[in-house]
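Trainee: Position one of the sequence shown corresponds to residue -2 (the numbering used here), numbered consecutively onward.
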Amino acid sequence: MSQYKTGTATVTNGSPTVTGTGTLWLANVTAGDSFTIASTGVVYDVGSVDSDTQITLSVNYAGVTATGAVYAIGTGFTVPDSFPEMSQGDIETATIFTRAMRKIQSRFTGIVSDISGKAGISGQTFTGDIAAPKITASTGILFGTDTAAANTLNDYEEGTWTPSAKWNTQTTAPVITNIQNTTYTKVGRLVTLQGYFAIDFADKGDGSRGLRVSGLPYTGNADFNMGSIWSANIAPLGCFIKGNSSLAKVTLLAGTSNNLASTDITQTVEISMCFSYYTAT
């Protein structure tokens, strides 16, 4: 049983003292338990247990003075959060349930109601899997004591991208086939991507002045961003993203000219690329 309700109670408006008749409160009630007079819908916390027939509430009783009233003292609480529990045969269950819901709401409000500062979460430790709802920071995240807007992490994204190709100067564009593992991750302004594709010798097109790989998920910033590219058929290769562009230029790193041309492709070319670059925002 989560309530003690043996005997009757006498309460006086404006006084915290409750007097019992036929009660054994010393052995069955402790400070922090919940006291209510039946049919009032109001719960008080027990401040102290003074004797078998007297308890003191934590605040003055605000209801109507009553003698020999039916009462209940809630003695069952969850651990460690101290939400009131209910058992078969309890009275004032609607009142108990309402109080429990308000305590639950207050607890969650105090922990994660608003990460922007409406309710502090300093010192809280989260364990386990917070599956839903997820915590959303609409203006970004700052770590530690940092307050600089420039250091705010405001984006994280994972996805796929679809490469296509052209020659810088071309009559016919090359055809990309066997596209695999074209994924990217964006953390703040930094985009890291990878991909594998092939250019069939029969569909290499006709062009010169470097191969352009387009379809990058984001446009780069104004700087030149160097990348890593590998092919077993043409070596060595290099690539870079020209400023303010979403094109990766593939070049030769040996020979008299670094401008890769369709004539340099003498068989089916397999290309793997992996590089990181910065976006403007």
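Just so it is clear, CB atoms sit at the ideal spot from N, CA and C, and this is done for glycine as well.
#1: Only counting runs of 3 or more residues, tell me where the beta strand (DSSP E) segments fall wholly within the segment 151 to 223, in order along the chain.
#2: Which partner residues of K246 appear in the DSSP bridge assignment?
#3: Nearest to G192 by CA position, among T265, P160 and I101, is which residue?
#4: With a threshold of 7 Å on Cβ separation, who are the neighbours of V46 within its own chain once the five nearest residues in sequence on each side are excluded?
#5: Using the beta-carbon count (16 or more within 10 Å), is S298 buried or exposed?
#6: Restricting to runs no shorter than 3 residues, where is the beta strand (DSSP E) found entirely within the segment 8 to 91?
#7: Helix or strand or just coil, what does DSSP make of A6?
#8: In its own chain, which residues sit with a C-beta less than 6 Å from the C-beta of A245, not counting the 5 before and 5 after it?
#9: Just verifying my parser: in three-state terms, what is the DSSP assignment at I268?
#10: Excluding the 5 residues preceding and the 5 following A277 in the sequence, name in chain order all residues of the same chain whose CB lies nearer than 6 Å to its CB.
#11: With 16 as the cutoff for other CB atoms within 10 Å, does L250 come out buried or exposed?
#12: What separation, rounded to the nearest whole angstrom, lies between the Cα atoms of G212 and T149?
#13: Determine the burial state of Q0: buried for a count of at least 16 other Cβ atoms within 10 Å of its Cβ, exposed for fewer.
#14: Would you verify that the beta carbon of Y181 is, or is not, closer than 7 Å to some beta carbon of chain B?
#15: Under 8 Å Cβ to Cβ from I88, same chain only, skipping five residues before and after it: list those, please.
#16: Pop quiz: G17 and T50 are said to be a contact at Cβ under 8 Å. What is the actual Cβ separation, rounded to whole angstroms?
#17: Based on the DSSP output, what are the partners of T276 in its beta bridges?
#18: With which residues is S259 paired in a DSSP beta bridge?
#19: Below 6 Å CB to CB, which residues in the same chain sit around A258 once its five sequence neighbours on both sides are set aside?
#20: According to DSSP, is S103 part of a helix, a strand, or is it coil?
#21: Can you look up I93 in the DSSP assignment and give me helix, strand or coil?
#22: Assign T142 to one of two classes, buried (16 or more other C-beta atoms within 10 Å of its C-beta) or exposed (fewer than that).
#23: Is R96 closer than 7 Å to V56 when the C-beta atoms are compared?
#24: Report the option in D42, T180 and A147 whose CA atom is closest to the CA atom of M270.
Mentor: This is what the structure gives:
#1: Those beta strand (DSSP E) runs which fall completely within the segment 151 to 223 and span 3+ residues are 153 to 157, 161 to 169, 173 to 184, 187 to 196 and 203 to 211.
#2: Answer is R209 and F237, bridged to K246.
#3: Relative to G192, the option among T265, P160 and I101 whose CA is nearest is P160.
#4: Around V46: W22, L23, V26, T27, A28 and I52.
#5: Examination of residue 298 is not possible in this model, given that the chain is present from -2 through 278 alone.
#6: The beta strand (DSSP E) runs of length 3 or more contained entirely in the segment 8 to 91 are, from start to end of the chain, 14 to 18, 31 to 34, 41 to 48, 51 to 54, 63 to 66 and 68 to 71.
#7: Residue state for A6 is assigned as strand, using DSSP reduced to three classes.
#8: V210, C236 and I238, listed in sequence order.
#9: I268: strand per DSSP, three-state reduction.
#10: Excluding sequence neighbours, A277 sits near N218.
#11: Exposed, because fewer than 16 other Cβ atoms sit within 10 Å of the Cβ of L250.
#12: Computed Cα separation, rounded: 28 Å.
#13: Classification of Q0: buried, given that the 10 Å Cβ count is 16 or more.
#14: In summary, chain B is missing from the structure at hand, where a single protein chain is found.
#15: The beta carbon of I88 lies closer than 8 Å to those of Q0, K2, A35, V67 and A69 in the same chain, with the five residues before and after it left out.
#16: Sure, about 4 Å apart at Cβ, within 8 Å.
#17: T276 is bridged to G217.
#18: Under DSSP, S259 forms no beta bridge with any residue.
#19: Only S205 meet the Cβ criterion.
#20: In the three-state DSSP reduction, S103 falls in the helix class (H, G or I).
#21: It is helical.
#22: Around the Cβ of T142, a 10 Å sphere holds fewer than 16 other Cβ atoms; the residue is exposed.
#23: For V56 and R96, no; Cβs fall outside 7 Å.
#24: Ranking D42, T180 and A147 by Cα distance to M270 puts T180 first.
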